[in-house]
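**Student:** In the numbering used here, the protein residues as written are 278 to 627. Virtual Cβ for every residue (Gly too), placed ideally from N, Cα, C. Keep in mind it's a predicted model, so treat the numbers as computed, not measured.
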């Protein structure tokens, strides 16, 4: 095929492209000339059959025509799309002055917000946040926390057992953890001192629900183990935490208490938000002027020995608080059960 033949082909191909009135007509022209069996495609394949002196000029001219035709196809497609869009604007009647539909954005649940805030505050004091299993062995939930079988302290935990503690394998009964304290033993088994961790998580107890108690609830556990740690360190950490999460004007009180896995043990409380510690007839604090946060104390030597630590070499403190309790105190929520009822009116107001 000679170069003059390409000139005629060019005139015909560009004419078909320019006269195409629809996208389907344009696609038909593209297939006719540039498709797998197209006219120009066949001409390019025939280059190898030409005499040697004609191959170079014919191939250059055919490739130039291909580039020109592809550019014309792109330009024509853009023009057809623009015309189609203008036609839609002319026929569709939309009131663009109407306000848009508002998208409802999600937010963190108050419990999740509290867990993040607690973790953030303790992170500034060097505590790492870790998580543990909710289905736990009796060994970690009780035995390694200085609560052996038959200990009277077990009665207050109202345990939900998964396997019969008196049947099956008597050495490894399974339960739903009653507190986050089992992670004390798990962490100390896996790490050497120093240890500083916070353990937030869900806990379970078989007990009646009321405005301040739920059978499924959240706690966070804190643990610090190192050399020469004292009760003064514990008080300093919890004072700093209470003021960071409730405000610098809050007063903090420690009173002696009892927990099997700490000795000495204490209860930590803050002055009432409502009556500012005056008490009297205040319903929020029951007239005491104080709101209990949780328990704390120095880790019992038996707990340290149980995980292979030498209590003469290292000491530590532990503390635990209810997540819902903190959320209730911060938001003024009157009933702990509101956190689990999925009522958007409440969740959006907290």
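Please classify residue 382 as buried or exposed, where buried requires at least 16 neighbouring CB atoms within 10 angstroms.
**Tutor:** Position 105 of the chain shown, counted from the start, is the residue given in the question as residue 382. That one is exposed.
**Student:** Residue 452 to residue 417, Cα distance in whole Å?
**Tutor:** Translated into positions along the chain shown, residue 452 becomes position 175. Translated into positions along the chain shown, residue 417 becomes position 140. Spanning the two alpha carbons is a distance of roughly 10 Å.
**Student:** The beta strand (DSSP E) with residue 286 in it runs from where to where?
**Tutor:** Residue 286 sits at position 9 when you count from the first residue of the chain shown. Run containing residue 286: none in the beta strand (DSSP E); it sits in the alpha helix (DSSP H), 280-296.
**Student:** Kindly give me the distance between the Cβ atoms of residue 476 and residue 457, rounded to whole angstroms, as I take these residues to be in contact under 8 Å.
**Tutor:** The residue labelled residue 476 in the question sits at position 199 within the chain shown. The residue labelled residue 457 in the question sits at position 180 within the chain shown. That pair is a contact at about 5 Å.
**Student:** If we count the other Cβ atoms within 10 Å of its Cβ and call it buried at 16 or more, is residue 621 buried or exposed?
**Tutor:** Residue 621 sits at position 344 when you count from the first residue of the chain shown. Per the 10 Å Cβ criterion, exposed.
**Student:** Is residue 502 buried or exposed, if buried means 16 or more other CB atoms sit within 10 Å of its CB?
**Tutor:** For the purposes of this step, residue 502 is taken as residue 225 along the chain shown, with counting starting at 1. So residue 502 ends up on the buried side.
**Student:** Mind listing, in chain order, the continuous alpha helix (DSSP H) runs of no fewer than 4 residues lying wholly within the region 457-488?
**Tutor:** Those alpha helix (DSSP H) runs which fall completely within the region 457-488 and span 4+ residues are 459-467.
**Student:** Going along the chain, which unbroken runs of the beta strand (DSSP E) with 3 or more residues stay wholly within the region 354-422?
**Tutor:** If we require 3 residues or more, the beta strand (DSSP E) runs fully inside the region 354-422 come out as 412-414.
**Student:** Which runs of the alpha helix (DSSP H) fall wholly inside the region 567-615 and span at least 4 residues, in chain order?
**Tutor:** DSSP runs (the alpha helix (DSSP H)) wholly in the region 567-615: 578-583, 600-608.
**Student:** According to DSSP, simplified to helix, strand and coil, what is residue 620?
**Tutor:** As a first step, residue 620 must be located in the chain shown, where it is residue number 343. It is coil, neither helix nor strand.
**Student:** Give me whichever residues DSSP pairs with residue 499 in a beta bridge.
**Tutor:** Mapped onto the chain shown, residue 499 falls at position 222. Residue 499 is bridged to 475, 596.
**Student:** What's the gap between the Cα of residue 546 and the Cα of residue 378?
**Tutor:** Position 269 of the chain shown, counted from the first residue, corresponds to residue 546. Position 101 of the chain shown, counted from the first residue, corresponds to residue 378. Roughly 47 Å between the two C-alpha positions.
**Student:** Can you list, in chain order, the stretches of the alpha helix (DSSP H) that have 4 or more residues and sit fully within the region 298-359?
**Tutor:** Within the region 298-359, the complete alpha helix (DSSP H) runs of at least 4 residues are 300-311, 316-322.
**Student:** Is the region 493-507 touching the region 387-407, taking contact as three or more C-beta pairs under 8 Å?
**Tutor:** Taking 8 Å as the limit for Cβ pairs, the verdict is that the region 387-407 does touch the region 493-507.
**Student:** Rank 480, 466, 617 by C-alpha distance to the C-alpha of residue 412 and give the top, closest one.
**Tutor:** Start at 1 with the first residue of the chain shown, and residue 412 comes out as number 135. Among 480, 466, 617, the Cα nearest to that of residue 412 belongs to 480.
**Student:** Can you tell me where the beta strand (DSSP E) with residue 529 in it begins and where it stops?
**Tutor:** Here residue 529 corresponds to residue number 252 of the chain shown, with the count starting at 1. Here the beta strand (DSSP E) through residue 529 covers 529-536.
**Student:** Kindly list the residues whose CB is nearer than 6 Å to the CB of residue 279, restricted to its own chain and excluding five residues on each side of it in sequence; keep chain order.
**Tutor:** The residue you call residue 279 lines up with position 2 of the chain shown. Only weak support is given to the placement of residue 279: the predicted model assigns it a pLDDT of 48, under 50, and the question is left unresolved by the model.
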